Ligand SMILES: Nc1ncnc2c1ncn2[C@@H]1O[C@H](COP(=O)(O)OP(=O)(O)OP(=O)(O)O)[C@@H](O)[C@H]1O
Ligand SMILES: [Mg+2]
């Protein structure tokens, strides 16, 4: 039997509500509507799901999707051992059986023929056929599917089919407003609000460069990294170079531009 407790979020994760996302998600969950979270990297999607699982007191099973993922990786497979063959449920099947919130992270990375296995679970059928095993799993009443993806990164080749997209309600995520983001960075790292506000101001400068030499602006995650170093008494300039400039770009001109933004504030 599966130990459900291993999938429980034990302590309340810190999640700063940004808009009406918690209310909307809870209503969607009550209707068992599958939900899609869209937004750039490091803006709080994963933290939000952990918080929701804790708030709803449901087990959470996270699956990181990738190109080589097969339907068997999600659903399960027969394994050979000394006594013969035995079936092993995949994470999606476990989630459907125990009534977990199942979080498919970066779902566009998976191939479309893999993604279609979620179709019967995300419409009125709420079941999962285990074709190789010859079993039809009916989803537990608490089961819900949530997926995340980063709009903009994927090419035309790598997008969800409309028949997949149109099985979900969607919530847009983005980097929060400056005061809220500073509050998050201060809370996560223990630095004071004045320093957190400066980090956020640097991020705003970099975000303006998105599409003008930068593929993506500085994420909240990187601001938290910067704050963590500053909290360890690293000189703010060095902390910013390591966490806000170097990870983002190798282009010397762009690095100079970002360094200049850092030097304006520290
Ligand atoms: N609203 C928020 N409340 C609390 N922390 C937040 C919030 N938004 C962002 N964070 C902080 O930013 C970090 C990155 O967020 P998270 O890992 O949830 O990003 P993500 O959107 O899942 O990114 P990716 O698409 O790369 O997986 C978190 O670890 C947390 O410290
Ligand atoms: Mg994430």
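Numbering (full-length UniProt numbering), first residue to last: 1 to 266. Just so you know, even glycine gets a beta-carbon here, dropped at the ideal spot from N, CA and C. Computed from a prediction, not measured in an experiment: that's the story for all the values here.
So if DSSP puts residue 85 in a beta bridge, which residue, or which two residues, is it bridged to? 80
Beta-bridge pairing of residue 238 - partner residues as DSSP gives them: According to DSSP, which records beta bridges pairwise, residue 238 is partnered with nothing at all.
Do residue 173 and residue 32 come within 9 Å of each other at the CB atom, strictly closer than that value? no
C-beta contact flag for residue 229 and residue 203 at 9 Å: no
DSSP three-state assignment for residue 222, whether helix, strand or coil: helix
The beta strand (DSSP E) spanning residue 101 covers which residue range? 101-105
Considering only C-alpha positions, which residue in the set 222, 89, 251 and 264 is nearest to residue 239? 222
Residues near residue 197 by beta carbon distance below 6 Å, same chain, minus five either side: 182
Taking its Cβ as the centre, do 16 or more other Cβ atoms sit within 10 Å of residue 256, making it buried, or is it exposed? exposed
Which residues, in chain order, sit with a beta-carbon under 7 Å away from any heavy atom of ligand 2? 45, 46, 105 and 148
Nearest-angstrom beta carbon gap, residue 49 and residue 200 [assumed within contact, 8 Å]: At roughly 24 Å, the Cβ-Cβ gap does not stay under 8 Å, so residue 200 and residue 49 are not in contact.
Just the C-alpha distance for residue 60 and residue 93, rounded to the nearest angstrom, thanks. 13 Å
Nearest neighbour of residue 7, chosen from 22, 53, 47 and 36 [CA to CA]: 53
Beta-bridge partners of residue 191, as assigned by DSSP: Paired residues: none, contrary to the question.
DSSP three-state assignment for residue 144, whether helix, strand or coil: strand
Pull the bridge partners of residue 38 from the DSSP assignment, please. 149 and 172
Selected residue, minimal CA-CA separation from residue 86, among 65, 133 and 113: 133
Helix, strand or coil: how does DSSP classify residue 50 here? helix
Straight-line Cα distance separating residue 242 from residue 251: 15 Å
Close Cβ partners of residue 63 (< 6 Å) along its chain, the five nearest in sequence each way excluded: 91 and 104
Range of the contiguous alpha helix (DSSP H) that encloses residue 95: 91-98
Report all residues from its chain with a CB closer than 7 Å to the CB of residue 9; omit the five preceding and five following residues, and keep chain order. 50, 53, 54 and 60
Going by C-alpha to C-alpha distance, which of 165, 113, 98 and 215 sits closest to residue 72? 113
From which residue to which residue does the alpha helix (DSSP H) around residue 263 run? 252-265
Nearest to residue 100 (by Cα), restricted to the options 15, 140 and 150: 140
Compare the beta carbon distance of residue 11 and residue 67 with 9 Å and say whether it is the shorter of the two. no
Helix or strand or just coil, what does DSSP make of residue 182? helix
Would the beta-carbon of residue 176 be found less than 8 Å away from any heavy atom of ligand 1? yes
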